[in-house]
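J.: Please read through the structure below; I'll follow up with questions.
Numbering (this note's numbering), first residue to last: 14 to 329.
Here it is in structure tokens:
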């Protein structure tokens, strides 16, 4: 086999036996997305303003609130914008706006507790490396019984991808308008229509009059820049699915009870595991000889043949 493969095609000297033994048959050129840069974020978002629905805002303004407790937070949408960084070629700013649905429980002095919800927004900016490219990309889309539609040309700019889970709602508090920050930089002036529809069509109160609800969120996210690229990849063999999903029941249908009988009983749903996975891994690694490597017949498992001590050669 050649030391360096620089073009797609069959690999010299490859055969069926070589492929079965773990070697690869040919080099193939694939079009995929390459991650040029990425970062992860663990943030505590303190005192984020919640814009309540009108009924909830009237409840806060009426007074008589004894306490407020956080219940749940849901990530509704993420808006992403990518722009080049001036005088720093290959780098891009990624501006991200997170939209959250916040749910809290308000206890009044008189009456039963009530559930209120509203919208919280958080803005974040990161700078990542995305490479350079000046090509314009054209592509077509097939439409049956019509001419192919020529899609609008796109620049070869990297694509930002944000992976985020629903945040943890850590705290909630009510603040009077005279003690809150009502500067223009912190105020939300407009809400997209698609976000408003998530609140049942109720209008959100964006003004600074009256009492305000603030929450603290804990958020985990991963942000990356991707770019289309062609890569030369080794190919071992064709990829044939191993799982058989053919219908085997009478009349092409399968008995649902037979399908259910193949399910394993979800023991962890009823009895959560008592030992963390990292503890189990550590327990497997550490043994009686104190070496930190799996033991075998010679005592150390790392090439030490005396069996009574790990020595300096162990785990090297």
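Cβ atoms here follow ideal geometry from the backbone N, Cα and C, with glycine treated the same way.
Here the structure is a predicted model, which is why all the values come from computation and not from measurement.
#1: Under the rule that 16 or more other beta-carbon atoms within 10 Å means buried, what is residue 216, buried or exposed?
#2: Looking at the structure shown, is residue 300 part of a helix, part of a strand, or coil, going by DSSP?
#3: Contact between the segment 64–75 and the segment 41–56 is defined here as three or more beta-carbon pairs at a separation below 8 Å; is this criterion met?
#4: Whole beta strand (DSSP E) runs in the segment 172–257 with 3 or more residues, listed along the chain?
#5: My assumption, with CB atoms under 8 Å, is that residue 143 sits in contact with residue 169. Please give the rounded CB distance.
#6: When the distance is taken between beta carbons, is residue 186 closer than 8 Å to residue 135?
#7: Quick check on the burial criterion: 16 or more other C-beta atoms within 10 angstroms. Buried or exposed for residue 52?
#8: Work out the CA separation of residue 109 and residue 254 for me, nearest whole Å.
#9: Could you give the C-beta distance for residue 230 and residue 58, rounded to a whole number, given that I count them as a contact under 8 Å?
#10: Considering just the uninterrupted stretch of the beta strand (DSSP E) at residue 385, what are its terminal residues?
#11: Indicate the three-state DSSP secondary structure (helix, strand or coil) for residue 24 in the structure shown.
#12: Who are the near neighbours of residue 10 in its chain, counting only those whose CB is closer than 7 Å to its CB and skipping five residues on each side?
#13: Rounded to the nearest angstrom, what separates residue 280 and residue 234 at their Cα positions?
#14: Residue 67 by DSSP, collapsed to three states: which one?
#15: By the three-class DSSP mapping on this structure, what secondary structure does residue 271 have?
#16: The beta strand (DSSP E) that contains residue 11, what's its start and end?
#17: Could you tell me if residue 180 is buried or exposed, where buried requires 16 or more neighbouring beta carbons within 10 angstroms of its beta carbon?
#18: Using a Cβ-Cβ cutoff of less than 6 Å, which residues in the same chain neighbour residue 388 once the five nearest sequence positions on both sides are dropped?
#19: Skipping 5 residues on each side, what residues in its chain have a beta carbon closer than 8 Å to that of residue 91?
T.: With the given structure in hand:
#1: exposed
#2: With a pLDDT of 49 at residue 300, under the threshold of 50, the modelled position of that residue is not reliable, and no figure is offered here.
#3: no
#4: 172–177, 181–188, 225–248
#5: Not quite, the Cβ-Cβ distance comes to about 10 Å (not below 8 Å), so this is no contact.
#6: no
#7: exposed
#8: 39 Å
#9: 4 Å
#10: The structure shown does not extend to residue 385, since the chain is modelled only from 14 through 329, so no value can be given for it.
#11: coil
#12: Outside the modelled stretch of the chain, which goes from 14 to 329, sits residue 10, for which no answer is possible.
#13: 30 Å
#14: helix
#15: helix
#16: This structure cannot settle anything about residue 11, because the visible part of the chain is limited to 14 through 329.
#17: buried
#18: Look at the range of the chain in this structure, 14 to 329, and you will see that residue 388 is not part of it.
#19: 109, 110, 111, 112, 175, 177
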